[in-house]
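Position 72 of the sequence shown, counted from 1, bears residue number 72 in the UniProt record's numbering, the numbering being contiguous throughout.
Below you'll find the structure, written out as structure tokens, and then a few comments.
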Amino acid sequence: MELMMPTTDKTEEEVLSARAVEPSVNERLRTNDPSLTRLDVTSATFKDFSLYRKMDFLHSLRANSVVKTVHLSASGLQQVWTRIHLEELVDAICCLPRLEELFVFKADNHVFTEEILANALLRAEQLKVLMLWDFSDFRPTLAGAIRQLPMLERITISLPHDLPWAAMDVYVMGLAEHETLQCLSLRCQGGKCREAVVSPEAMHLLLTSTSIHTLYLENLGLTDDHTDAMADELRHSNRVLKSLDIKSNYFSDDALYTFAGMLPHNKTLTSIDLSGVVVTEGGGRKLAEAMQHNRVLTNLELEGYAERYVDEFHIPEASENTDWHRALDFYIRLNRAGHDCHQRPAFVESLNSVSDHLGCLYHVLRQHPEHVRNAANELQTTPIHIGSNFSIPVV
Numbered sequence: 001m002e003l004m005m006p007t008t009d010k011t012e013e014e015v016l017s018a019r020a021v022e023p024s025v026n027e028r029l030r031t032n033d034p035s036l037t038r039l040d041v042t043s044a045t046f047k048d049f050s051l052y053r054k055m056d057f058l059h060s061l062r063a064n065s066v067v068k069t070v071h072l073s074a075s076g077l078q079q080v081w082t083r084i085h086l087e088e089l090v091d092a093i094c095c096l097p098r099l100e101e102l103f104v105f106k107a108d109n110h111v112f113t114e115e116i117l118a119n120a121l122l123r124a125e126q127l128k129v130l131m132l133w134d135f136s137d138f139r140p141t142l143a144g145a146i147r148q149l150p151m152l153e154r155i156t157i158s159l160p161h162d163l164p165w166a167a168m169d170v171y172v173m174g175l176a177e178h179e180t181l182q183c184l185s186l187r188c189q190g191g192k193c194r195e196a197v198v199s200p201e202a203m204h205l206l207l208t209s210t211s212i213h214t215l216y217l218e219n220l221g222l223t224d225d226h227t228d229a230m231a232d233e234l235r236h237s238n239r240v241l242k243s244l245d246i247k248s249n250y251f252s253d254d255a256l257y258t259f260a261g262m263l264p265h266n267k268t269l270t271s272i273d274l275s276g277v278v279v280t281e282g283g284g285r286k287l288a289e290a291m292q293h294n295r296v297l298t299n300l301e302l303e304g305y306a307e308r309y310v311d312e313f314h315i316p317e318a319s320e321n322t323d324w325h326r327a328l329d330f331y332i333r334l335n336r337a338g339h340d341c342h343q344r345p346a347f348v349e350s351l352n353s354v355s356d357h358l359g360c361l362y363h364v365l366r367q368h369p370e371h372v373r374n375a376a377n378e379l380q381t382t383p384i385h386i387g388s389n390f391s392i393p394v395v
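Structure follows, in structure tokens:
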């Protein structure tokens, strides 16, 4: 006799019944569902929505006090929302009292303009993170709205590659004076920029910021004139910038000489990405010489790959066996190990960090003999002497 095993599979009727009792997004918004801290708004969100349900969504959104993060994809929204209703939607999002992060994908929506976003942003008083993709017309109106965000800490803007010369100057100059902004990321997508979207003068002004500690300026058509402007400010005035990523621009080896002149004087910059720069023997040697007087730079990229975040120090293969490369590697490793080893725990940590590099290990030991000599009052009085047959790499 065949035994019938119990099954846990739900019937179609039970599935439909379960779906019927699941709260809708409108209800979750209206009742302040504590699990709804992130809201994704796409054209699929309003699939099969009647006009009444759309208006109820707007009303529920304005009544919500839980949502902190919104991902807004405007692709296809023009097919389910009129321009007036789209303005109300964006305005309702920015009026969320706890909104801290806003990600906006404009995509192919020609109804969703920069003016609509700018007007709404004026109400986002708690916004800390703003990321914009696929906007093609950057007007002063949007720049002014972004500048007035009082709590903004991070902004990312993805740009088209065919913007005219200095098209982003009004943004850069405005953000340079922002008091809370910590991270700025500008990058062009879809191809190499034919012209610099930021002028050298605006770049110089950007480096006067007293709050920005991380800059990503990727594929913006920048040239050696821009590195001159950056290095001048980094050498004399800027004391806050820690990370500078300017890969995929139009830099000759002159940029290496320029940064070499800045490195001995800057005390805060810990990471530089110059991937794509023209690397020459002379430029490399100047960098290595400059690093003898720099104690803070720990990450340097001259030619990036996908794994560049794993290998924090990468030099083009043709230069890997040169004296200047070995010297650069030596000084950057020492900076990572740290120079404040007066306390024994810090000294041990420093040794551990350079344990795979005999030259650095030997140097750290020689610099701090107090940690390897036995105290005079100990039973074993034979000191561990560090020899003198090792020299710092020179170029």
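Here a beta-carbon is modelled for each residue, glycine too, at the ideal position from N, C-alpha and C.
In the structure shown, residue 340 adopts coil according to DSSP, grouped into three states. Judged by beta-carbon spacing, residue 251 lies within the 8 Å limit of residue 276, meaning their Cβ atoms are closer than that value. For residue 230, the enclosing alpha helix (DSSP H) starts and ends at 224–236.
Annotation for residue 292: 331 place their beta carbon closer than 7 Å to its own, counting only its chain and skipping 5 residues before and after. Taking 3 residues as the minimum length, the beta strand (DSSP E) runs contained wholly in the segment 163–191 are 183–189, in order along the chain. For residue 131, no alpha helix (DSSP H) segment is defined; the enclosing uninterrupted segment is the beta strand (DSSP E) at 129–133. Secondary structure at residue 156: strand, using DSSP grouped into helix, strand and coil. In the displayed model, residue 71 falls within a strand according to three-state DSSP. Note that the C-beta distance between residue 224 and residue 246 is not below 8 Å.
Beta-bridge pairing by DSSP links residue 272 to 244 and 300. Here residue 122 carries a coil assignment [DSSP, helix/strand/coil]. Judged by beta-carbon spacing, residue 280 lies beyond the 8 Å limit of residue 243, meaning their Cβ atoms are not closer than that value.
Cβ-Cβ distances below 7 Å link residue 169 to 198, 199 and 202 in the same chain, with the five nearest sequence neighbours on each side left out; the list follows chain order.
Straight-line spacing of the CA atoms in residue 359 and residue 234 works out to 31 Å. Beta-carbon to beta-carbon, residue 256 and residue 284 are separated by about 7 Å, close enough to satisfy the 8 Å threshold. In the three-state DSSP reduction, residue 214 falls in the strand class (E or B). In the DSSP assignment, residue 39 falls within the beta strand (DSSP E) that extends over 38–41. For residue 165, the number of other beta carbons within 10 angstroms of its own is below 16, and it is reported as exposed.
Taking all protein chains shown into account, residue 329 has 16 or more neighbouring C-beta atoms within 10 Å of its C-beta and is therefore buried. Secondary structure note for residue 102: its beta strand (DSSP E) is the uninterrupted segment 101–105.
Between the beta-carbon of residue 264 and that of residue 290 there is about 5 Å, and that keeps the pair under the 8 Å contact cut. Beta-carbon to beta-carbon, residue 43 and residue 80 are separated by about 6 Å, close enough to satisfy the 8 Å threshold. Boundaries of the alpha helix (DSSP H) harbouring residue 141: 140–147, taken from the DSSP string. With fewer than 16 neighbouring CB atoms inside 10 Å of its own CB, residue 98 falls in the exposed class. Annotated three-state conformation of residue 161 is coil, per DSSP. Between the C-alpha atoms of residue 132 and residue 106 there is a straight-line separation of about 8 Å. When the Cα atoms are used, residue 108 and residue 254 turn out to be separated by approximately 40 Å. Note that the segment 128–142 does not touch the segment 85–98; fewer than 3 beta-carbon pairs, one per stretch, sit closer than 8 Å.
Counting the other CB atoms within 10 Å of its CB gives residue 171 a total of 16 or more, which places it among the buried residues. Straight-line spacing of the CA atoms in residue 237 and residue 226 works out to 16 Å. Note on residue 334: 16 or more other CB atoms within 10 angstroms of its CB, so buried under the neighbour-count rule. The Cβ atoms of residue 186 and residue 157 sit closer than 8 Å to each other. For the set 148, 124, 84 and 175, the Cα lying nearest the Cα of residue 101 is the one of 124.
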